[in-house]
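Shown next, in structure tokens, is the structure this report addresses.
2 protein chains.
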Amino acid sequence: MQDILTFDDIRAAAARIAPHVRRTPVLRCPELEAALGGELHFKCENFQEMGAFKLRGATNAVLSLSDGALKQGVATHSSGNHGTALALAAKRRGVHACVVMPDNASAYKKRAVAEYGAEIIYCTPTQAGREAALAAYVAKTGASVVHPYNDVAVMAGQGTAALELHAQAPGLDMVLAPLGGGGLLSGTAVATHGLDPKVRVIGVEPLGADDAWRSLQAGHIAPVAHPDTVADGLRATIGPLTFAVLQDQADVVVRVEEADIVDAMRYIWERMKILIEPSSAVPVAALRRGLVDVRGHRAGIILSGGNVDLDHLPWSGK
Amino acid sequence: MQDILTFDDIRAAAARIAPHVRRTPVLRCPELEAALGGELHFKCENFQEMGAFKLRGATNAVLSLSDGALKQGVATHSSGNHGTALALAAKRRGVHACVVMPDNASAYKKRAVAEYGAEIIYCTPTQAGREAALAAYVAKTGASVVHPYNDVAVMAGQGTAALELHAQAPGLDMVLAPLGGGGLLSGTAVATHGLDPKVRVIGVEPLGADDAWRSLQAGHIAPVAHPDTVADGLRATIGPLTFAVLQDQADVVVRVEEADIVDAMRYIWERMKILIEPSSAVPVAALRRGLVDVRGHRAGIILSGGNVDLDHLPWSGK
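From first to last, the protein sequence lines are chains A and B.
The end of the first sequence is residue 375 by the working numbering, with every number in the run present.
The end of the second sequence is residue 375 by the working numbering, with every number in the run present.
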């Protein structure tokens, strides 16, 4: 079987996107290291331009399209960071972008997409409503759809964060990343195992949106009917491409509870003085709960993003 | 006249405290640089252990005391970062610390001091109440008082942040720092002018606590009767030692309004994804308001701390 995503894809993506994305820093957290007895190297994609790793995949996808295709523009449906990332990546290339968003998306999210000049089409807030609106737009315009995760160019782009992490913190023996649609984790796994197959790649998922864990257990994609988690970046259902890569490459998937996600997010804010969004806190929750033992180990953790509506923090009630 | 604080004092402090404080990173903010047309190098003392530059001065003061003096312990009055810093510096040295705090201090502030094992004495929340409680404690115990800013060892310690900044970002032509009691700014000025007298040192003060600006205009210390600002670290009145140094060494002091401080704080959170406290936002407010022109310049800004009660953010009302 030919590999869906290869280490060479990720290296090529890294070279392609290097001029357009930030090489984000890797930070430590001495207090948490002392508490857990291991080294923790946090790859700070919250410092990425537009505030999340998603710019990597969107940029690689846009740069991988032909000039002919780009003339018709790019489009996606997203109520989160991927929409913002695609808007920025397209703007950089001088290409028109359209983002289909549910009409009940928060003002915060609408503003982020609009800020980079994308066209926004509002749809009814259902999966069917999103897909219909996107299909209608594509039929009319011929725009190329850039899926948030079930796309090899996107997966390859997301893997470049791990590639940088291993260069910045050599000798890691495990890497943890949040797991939603599986784009970040599949890229992370292929990048990591391409460098050293012995390094463990651990996906962490909210219990309220544990479709990837269920799917890997079942051996087929098993969606969760009503995903419910504060980690809004992780509500998506794993896709056929990401699922196939993770079946092959993910060493383990662990699941965390909602209260632990919020506690972990606040802990990182208070101790590291950096803003992370709930999705980024998911692997930290697993570490603090002892679901992954780092004693005597060197662990890398991908902090996936830092886009938070400061008027609605998860610990301040409604 | 003999100098109160010399460049050699600061270099000696840097060597003394190096094993005990973090060499904090210097970060950039591309969005703000694009908006203002100059380079901005942010010295991130919010990443300092215990969350503020105050650990530098407190550590230098504790390490400068004799073993005999240390046997009686150290003491201070503070409702803010200096109390926490002294608690930690003393704990490291195995010395007893006492912090006099107003009995209406927030639970957040009490917890921070208690976390490092200091004794807390509560007093009535007035300047007279604080001083009486501290004097009584010192009379009883013989503890050495470490003043939050009007102390040469403290001022020398605070100046080490600027020393690092100039090494990390060579060729700055101006440095901005918040101005409260004057410890940070006096250390910053002496460190900066010791390296290059041509670099401008700019203090920024809230209009609601502009005693330093008034004092420098008047030529004598002119306290503000009821300082009122969200920047709780800057409510103190400039001291005789810091005033004397700033008369000689500060190039200019500018003042900013309350709403601009809160806006600047939120801007840095959202754009740089780092937590800064209101005091740190004061120089940023001056830049964003155009009170200091950085066009074509390389400016250093000291982000003094990141200790914020996440249950009471300044933009979320009461």
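Ideal Cβ positions, reconstructed from N, Cα and C, are used throughout, including at glycine.
Treat the numbers as computed from the prediction; the structure is a model and nothing was measured.
Distance cutoff 9 Å, beta carbons only. Does residue i sit that close to anything in chain B?
i              : result
D320 (chain A) : no
R150 (chain A) : no
K375 (chain A) : Any answer about K375 (chain A) is weak, because its pLDDT of 44 lies below 50 and its placement is not dependable; what the coordinates show is given next. K375 (chain A) does not count as touching chain B.
E327 (chain A) : yes
R345 (chain A) : no
I61 (chain A)  : no
I377 (chain A) : The shown model of chain A, from 58 to 375, leaves out residue 377 (chain A), and the question about it has no answer.
D317 (chain A) : no
I359 (chain A) : no
For residue i, go through chain B and note every residue whose CB falls closer than 7 Å to its CB, in chain order.
i              : result
N103 (chain A) : K330
Only counting the same chain, and skipping five residues up and downstream in sequence, which positions put a Cβ closer than 6 Å to that of residue i?
i              : result
Q105 (chain B) : R79, T81, L112
D317 (chain A) : A342, R346
A248 (chain B) : I67, G216, A219, L220
R271 (chain A) : A279
D160 (chain B) : Y179
T294 (chain B) : D268, P280
H153 (chain B) : G130
P182 (chain B) : P159, N161
E176 (chain B) : C155
G237 (chain A) : G290, L291, A293
Note down, in chain order, each residue of its chain lying with its Cβ closer than 8 Å to the Cβ of residue i, except the 5 sequence neighbours on either side.
i              : result
P235 (chain B) : L241, L242, G260, V261, E262, A288, G290, L291, S336, S337, V339, P340, I359, S361
E188 (chain B) : H134
D230 (chain A) : K255, V256, R257, H354, R355, A356
V302 (chain B) : I61, L62, M212, G239, S243, A246, V247
T198 (chain B) : Q129, G130, A132, C155
S373 (chain A) : none
Q306 (chain B) : S243, A246, V247, H250, V258
A69 (chain A)  : A213
N117 (chain B) : A70, R73, I74, A210, V211, A213, G214, T217
Which bits of chain B does residue i rub up against, with CB to CB less than 8 Å?
i              : result
G363 (chain A) : K330
W372 (chain A) : L367, D368
Please check if any C-beta of chain E sits within less than 9 Å of the C-beta of residue i.
i              : result
I295 (chain A) : The chain inventory of the structure shown lacks chain E, comprising the protein chains A and B.
Can you check which of these residues, the options, is closest to residue i by C-alpha distance?
i              : options                        : result
R346 (chain B) : B:Y324, B:D268, B:R355         : B:Y324
H204 (chain A) : A:M107, A:N364, A:G296         : A:G296
M107 (chain B) : B:P254, B:E314, B:H77          : B:H77
G174 (chain A) : A:T141, A:A164, A:A162         : A:T141
G125 (chain B) : B:A109, B:N207, B:S201         : B:S201
G95 (chain A)  : A:T198, A:E172, A:I67, A:C86   : A:C86
L93 (chain B)  : B:G237, B:V351, B:M212, B:D65  : B:V351
P227 (chain B) : B:K100, B:A109, B:A70          : B:K100
A190 (chain B) : B:C180, B:G237, B:E314, B:Q129 : B:C180
A193 (chain A) : A:A71, A:D267, A:V156          : A:V156
A266 (chain A) : A:R312, A:A210, A:A171, A:P371 : A:R312
A210 (chain B) : B:L84, B:A275, B:Q274, B:G114  : B:G114
A109 (chain B) : B:I333, B:E176, B:V310, B:R168 : B:I333
V319 (chain B) : B:T299, B:T286, B:G214, B:Q225 : B:T286
A146 (chain A) : A:E102, A:A185, A:I74          : A:I74
P371 (chain B) : B:K330, B:V349, B:W326         : B:W326
For chain A, is any of its Cβ atoms less than 9 Å away from the one on residue i?
i              : result
D368 (chain B) : yes
P87 (chain B)  : yes
I74 (chain B)  : no
R323 (chain B) : yes
Along chain A, in chain order, which residues have C-beta atoms closer than 9 Å to that of residue i?
i             : result
R80 (chain B) : Under the 9 Å cutoff, chain A gives no residues; its nearest Cβ is about 12 Å from R80 (chain B).
Within its chain, find whatever has a CB closer than 7 Å to the CB of residue i; leave out the 5 residues flanking it on each side and keep chain order.
i              : result
L89 (chain B)  : L97, R328
L252 (chain A) : H223
D366 (chain B) : S163, Y165
For the ligand GDP, is there a heavy atom less than 8 Å away from the beta-carbon of residue i?
i              : result
G251 (chain B) : Absence of the ligand GDP from the depicted structure is noted, as is the absence of any ligand whatsoever, leaving it without description.
Cβ-based contacts, 7 Å cut-off: residues of the stretch 105-121 of chain B near chain A: Taking 7 Å as the Cβ-Cβ cut-off against chain A, the residues of the stretch 105-121 of chain B that qualify are G108.
Along the stretch 152-176 of chain A, where does the CB come closer than 9 Å to a CB of chain B? Name the residues. Here the close residues number zero.
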